[in-house]
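Trainee: FYI, in our numbering the residues of the sequence shown are 17 to 233. One structure is given below, represented as structure tokens, and several questions about it will come after.
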Amino acid sequence: MKVWGDFACFTNPAFSVERWSYPVITPTAARGILNAIYYHREICWIISKINVLNPIRWHGFGTNEVDQCIRKRDIRRVMSDDYQGDVMITDERRLQFHNLILKDVAYVVHVYVGLLPGYRNCSQLTEQEHKEAFQARVKHGQCRFTPWMGQRDYIAYFDEATPLDSPVNLTEPLGMMPLEIIEKNGVVQPVFFNAFMKNGRIKVPRVGAVLSCCSKN
Numbered sequence: 017m018k019v020w021g022d023f024a025c026f027t028n029p030a031f032s033v034e035r036w037s038y039p040v041i042t043p044t045a046a047r048g049i050l051n052a053i054y055y056h057r058e059i060c061w062i063i064s065k066i067n068v069l070n071p072i073r074w075h076g077f078g079t080n081e082v083d084q085c086i087r088k089r090d091i092r093r094v095m096s097d098d099y100q101g102d103v104m105i106t107d108e109r110r111l112q113f114h115n116l117i118l119k120d121v122a123y124v125v126h127v128y129v130g131l132l133p134g135y136r137n138c139s140q141l142t143e144q145e146h147k148e149a150f151q152a153r154v155k156h157g158q159c160r161f162t163p164w165m166g167q168r169d170y171i172a173y174f175d176e177a178t179p180l181d182s183p184v185n186l187t188e189p190l191g192m193m194p195l196e197i198i199e200k201n202g203v204v205q206p207v208f209f210n211a212f213m214k215n216g217r218i219k220v221p222r223v224g225a226v227l228s229c230c231s232k233n
């Protein structure tokens, strides 16, 4: 499947509150786009490879934000008949943040469907049927909700990939990138992998392979 957009921000958690993007789409962000197109409780999306189609282009800008959200009790107080004043004086709580995002992005995501362990013997649909349903939705431009490129501000467009969608001639290390978010016994654990792009292609390992390597260390 091909995905593209005018802008994208796949936020790197190493930069704390600043929104600095990874140089390419992350597997977790790609999986979010796939779930926006087709979701079923029986399946998981297994991403094997990501092809980068366009050169990496950056765009930086600043945003003015406030340091807290408006609380419900403040809203109720303002809605009362005897209240006079402001809910929040933004000039007193304004902060400026720097954003470093991507511009003119396009990728081909190589993905296949896997049945979750609890449904392998009692699934409503086979893996092939899930695959065909997903392909039909991509072909007709259907989605459950509008997918985005890392943030809701940046819309993701999608279509079927073609042989003309060739990767860019670029080789460079990408560092540690999020591979999956695992929840076990109420504890959320992010899983990272050491990403490397060779001739515009990024091989994505299986989650189990990454976890087994971590356990040996």
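All residues carry an ideal CB built from backbone N, CA and C; glycine is no exception. Note that the structure is a prediction, hence the values are computed from the model and not measured.
Quick check on this structure: which residue in PHE212, ILE197 and GLY76 has the alpha carbon closest to the alpha carbon of GLN205?
Mentor: Comparing Cα-Cα distances from GLN205 to each of PHE212, ILE197 and GLY76, the minimum goes to ILE197.
Trainee: Counting Cβ pairs, one atom from each stretch, are 3 or more of them under 8 Å apart for the segment 60 to 74 and the segment 112 to 121?
Mentor: Yes, since at least three Cβ pairs between the segment 60 to 74 and the segment 112 to 121 fall closer than 8 Å, the two stretches touch.
Trainee: Hey, how far is the Cα of ASN137 from the Cα of TYR170?
Mentor: One C-alpha to the other measures close to 39 Å.
Trainee: Assuming GLU148 is part of the alpha helix (DSSP H), what are its boundary residues?
Mentor: Taken as a continuous stretch (DSSP letters only), the alpha helix (DSSP H) holding GLU148 covers 143 to 155.
Trainee: Quick one: what's LYS18 bridged to in DSSP?
Mentor: DSSP output for LYS18 lists VAL124 and ASP175 as bridge partner(s).
Trainee: Name the two residues that bound the continuous alpha helix (DSSP H) containing PRO71.
Mentor: It is not in any alpha helix (DSSP H) - PRO71 carries neither H nor E in the DSSP assignment.
Trainee: Please classify ARG47 as buried or exposed, where buried requires at least 16 neighbouring CB atoms within 10 angstroms.
Mentor: Per the 10 Å Cβ criterion, buried.
Trainee: Between the C-alpha atoms of PRO39 and ARG87, what's the straight-line distance to the nearest angstrom?
Mentor: So the alpha carbons of these two residues sit roughly 36 Å apart.
Trainee: Is ALA122 near ASN70, with beta carbons less than 7 Å apart?
Mentor: Yes, Cβ-Cβ distance for ALA122 and ASN70 is below 7 Å.
Trainee: Helix, strand or coil for ARG47, going by three-state DSSP, please let me know.
Mentor: Note: ARG47 maps to helix in three-state DSSP.
Trainee: To which residues does DSSP link GLY78 through a beta bridge?
Mentor: According to DSSP, GLY78 bridges with HIS114.
Trainee: Who pairs with THR27 in a beta bridge, going by DSSP?
Mentor: Beta-bridge pairing links THR27 to SER37.
Trainee: Since VAL203 is in the beta strand (DSSP E), which residue starts that stretch and which ends it?
Mentor: Element bounds for VAL203: 203 to 214.
Trainee: Assign LYS219 to one of three DSSP states: helix, strand, or coil.
Mentor: The answer is strand: DSSP assigns LYS219 an E or B state.
Trainee: Have a look at LEU180 and PHE113 and give me their C-alpha separation to the nearest angstrom.
Mentor: Rounded to whole angstroms, LEU180 to PHE113 spans 39 Å at the Cα level.
Trainee: Could you name the residues that DSSP lists as bridge partners for PRO189?
Mentor: PHE212.
Trainee: Can you give me the C-alpha to C-alpha distance between GLU148 and TRP61, rounded to a whole angstrom?
Mentor: Using only the alpha carbons, I get a separation of about 14 Å.
Trainee: Write down the C-beta distance between THR178 and ASN215 rounded to the nearest angstrom, noting that I regard them as a contact closer than 8 Å.
Mentor: 19 Å between Cβ atoms; not a contact.
Trainee: My output table needs one value for GLY130: the three-state DSSP class, helix, strand or coil.
Mentor: Strand, per DSSP.
Trainee: State the CB to CB distance for the pair LEU131 and ILE59, rounded to an integer number of angstroms; the pair is presumed to be in contact (CB under 8 Å).
Mentor: Right, their Cβ atoms sit about 6 Å apart.
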